[in-house]
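Shown next, in structure tokens, is the structure this report addresses.
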Amino acid sequence: MRFVPLDTPKPISKIGLGTWQFGSKEWGYGPDYEHRAADIVRRALDLGVTLFDTAEIYGFGRSERILGEALGEDRAKVVVASKVFPVLPIAPVVQQRAVASAARLGVTSIDLYQVHQPNPVVADTTTMRGMRALQDVGLVGEVGVSNYNLRRWRFAEAALGRRVLSNQVRYSMIDRGPEEDLIPYAEQAGRIVIAYSPLAQGFLSGRYDAKNPPSGAVRRANPYFLPENLERGAQLIEALRGVADAHDATPSQIALAYLLRQPNVVAIPGASSVEQMERNAAAAEIDLTDDEYAALAAAARQFRPVTGLAALPKLIRARTGK
């Protein structure tokens, strides 16, 4: 396993484990997944993964409980990250929610506590006052944000008066917005971009096509999985397969390696099985050549999916079968 080249109390692995799916039935992983989740966590530990990311909203607290129980006595050795859902994120509420998350996780300190979304009406001034108090009493180690643009990330840091270590954002080969400003800032300032949905919820795995769409409510609601977009993405998947063959790897591993080429980027893919966890972790060891990276970037730029309002009627038809 490789690690982010930053001075942090515990090393942060380049591949982490995202646990949105723990305790959340909408992923369609079946009723026995909760038991498999513990095996996935234990295998991740064996493979050197040190970053485990959850949130109070995932399964309405079940994800935190499942993760905490699976980590067991190893909780103190790894970076346990959670997120506060920003409904009225004023200082006292943030502090109360952190206490509740720590209890569910079974920890005395949350290593990385993040604001899940920017609140449109509550300023980060009061949110970060709560975060600072949590740090002062030792209940929170590092503070992070999620889904913040660069301006608000920097404002949050000014409000905290300390570093806001990370910004967790959607980042994949087909969601490359963070490359414009967030990643350059992270490298310049010694911060971290945590990439969620680094495989675009499995779009980049090559497992799906127009005749074989995914199941599960989460993916069915994602416009990338419209038949039209699956067809448009065929060239990108072929480019991934070509590079994967040269490395004896899978398209998913190459898609992760593309992101991890940035030194201050960490990816937190989920895993539906121990085998998938093993493949994800192995991606941290893949070194793409300059030519391979350039070819993948070009293929990614050429993919133009139907999204936004234009995708809405198609999504409705796909869901209703009409």
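Position one of the sequence shown corresponds to residue 1 (UniProt numbering), numbered consecutively onward.
Note that the Cβ used here is the ideal one computed from N, Cα and C, for glycine as well.
Top-ranked residue by Cα proximity to residue i, from the options
i: Arg2; options: Gly61, Arg132, Ala283 and Ala158; result: Ala283
i: Ser109; options: Ile174, Ala81 and Gln235; result: Ala81
i: Ser272; options: Thr19, Ile183, Thr125 and Leu204; result: Thr19
i: Glu180; options: Ala200, Gln262 and Ala246; result: Gln262
i: Asn222; options: Ala281, Arg279, Val193 and Leu199; result: Leu199
i: Val274; options: Pro5, Glu34 and Leu6; result: Glu34
i: Ala103; options: Gly138, Val79 and Glu64; result: Glu64
i: Val99; options: Val140, Gly72, Arg75 and Pro178; result: Val140
i: Gln201; options: Ala297, Ile90 and Pro213; result: Pro213
i: Asp291; options: Arg62, Ile40, Ile90 and Val243; result: Val243
i: Glu73; options: Arg42, Thr307, Ile90 and Thr54; result: Arg42
i: Thr307; options: Gln21, Asp175 and Tyr293; result: Asp175
i: Met277; options: Ile40, Leu226 and Ala76; result: Ile40
i: Tyr293; options: Met173, Phe22 and Gln135; result: Met173
Contact set for residue i: own chain, Cβ-Cβ below 7 Å, skip 5 residues either direction
i: Arg97; result: Glu56 and Val84
i: Ala257; result: Ala283, Ile286 and Leu288
i: Val182; result: For the sequence presented, residue 182 should be read as Leu rather than Val. Counting only Cβ-Cβ distances below 7 Å, and skipping sequence neighbours, we find Leu150, Asn167, Val169 and Val193.
i: Gly138; result: Ser109
i: Ala299; result: Gln235, Leu236 and Ala239
i: Ser205; result: Leu199, Pro251 and Ser252
i: Pro5; result: Pro263
i: Ala297; result: none
Chain-order list of residues whose beta-carbon lies under 8 Å from that of residue i (same chain, five-residue window excluded)
i: Pro86; result: Val115, His116, Gln117, Pro118, Asn119, Val122 and Thr127
i: Arg152; result: Pro118, Asp124 and Val145
i: Tyr38; result: Looking at the sequence shown, residue 38 is not Tyr but Ala. Only Ile66, Glu69 and Ala70 meet the Cβ criterion.
i: Pro92; result: Gly130
i: Arg75; result: Gly68, Leu105, Gly106 and Val107
Residue i versus residue j: straight-line alpha-carbon distance, rounded
i: Trp27; j: Asn147; result: Any reading at Trp27 must be qualified, since the residue scores a pLDDT of 49, below 50, and its modelled position is unreliable; the value itself is stated next. The alpha-carbon atoms of Trp27 and Asn147 are separated by roughly 21 Å.
i: Arg301; j: Leu236; result: 9 Å
i: residue 376; j: Ala44; result: Any answer about residue 376 is impossible in this case: the structure gives the chain only from 1 up to 322.
i: Asn264; j: Pro9; result: 16 Å
i: Gln188; j: Ser166; result: 13 Å
i: Gln95; j: Val79; result: 20 Å
i: Pro11; j: Ala249; result: 26 Å
i: Arg36; j: Arg241; result: 29 Å
i: Leu105; j: Ala158; result: 29 Å
i: Arg279; j: Leu88; result: 39 Å
i: Lys211; j: Val49; result: 35 Å
i: Ser197; j: Gly61; result: 20 Å
i: residue 335; j: Gly190; result: Residue 335 lies beyond the stretch modelled for the chain, which goes from 1 to 322, so this question has no answer here.
i: Arg162; j: Ala246; result: 44 Å
i: Gln21; j: Gly270; result: 7 Å
i: Asp136; j: Ser215; result: 45 Å
i: Ala295; j: Ile90; result: 46 Å
i: Arg219; j: Thr54; result: 19 Å
i: Leu134; j: Lys77; result: 20 Å
i: Asp7; j: Pro227; result: 45 Å
Proximity of residue i and residue j at Cβ, strictly below 8 Å
i: Arg132; j: Leu160; result: yes
i: Ser13; j: Leu51; result: yes
i: Gly16; j: Val266; result: yes
i: Ile268; j: Ala156; result: no
i: Arg304; j: Arg207; result: no
i: Leu259; j: Tyr185; result: no
Close-in-space but distant-in-sequence residues of the same chain around residue i (CB under 6 Å, 5 per side omitted)
i: Asp209; result: Leu230
i: Phe203; result: Tyr224
i: Gly177; result: none
i: Leu47; result: Ala281
i: Glu142; result: Leu112 and Leu165
i: Ile254; result: Leu240, Val243 and Ala244
Cβ-heavy atom distance, residue i to the ligand PLP, below 7 Å
i: Ile66; result: Among the components modelled here there is no ligand, and therefore nothing to report on the ligand PLP.
Minimum length 4: unbroken alpha helix (DSSP H) runs contained in the region 165-222: As for any alpha helix (DSSP H) of minimum length 4 sitting wholly inside the region 165-222, the runs are 182-189 and 217-220, ordered along the chain.
Unbroken stretches of the alpha helix (DSSP H), 4 residues or longer, contained in the region 69-106: List check, alpha helix (DSSP H) in window: 91-105.
List in chain order: all unbroken alpha helix (DSSP H) runs of 4+ residues lying wholly within the region 42-71. Listed in chain order, the alpha helix (DSSP H) elements of length 4 or more contained wholly in the region 42-71 are 62-71.
Mind listing, in chain order, the continuous alpha helix (DSSP H) runs of no fewer than 4 residues lying wholly within the region 238-300? Runs of the alpha helix (DSSP H) inside the region 238-300: 251-260 and 274-282.
Complete runs of the beta strand (DSSP E) confined to the region 131-165 [at least 3 residues]: Scanning the region 131-165 from its first residue to its last, the whole beta strand (DSSP E) runs of 3-plus residues come out as 140-146.
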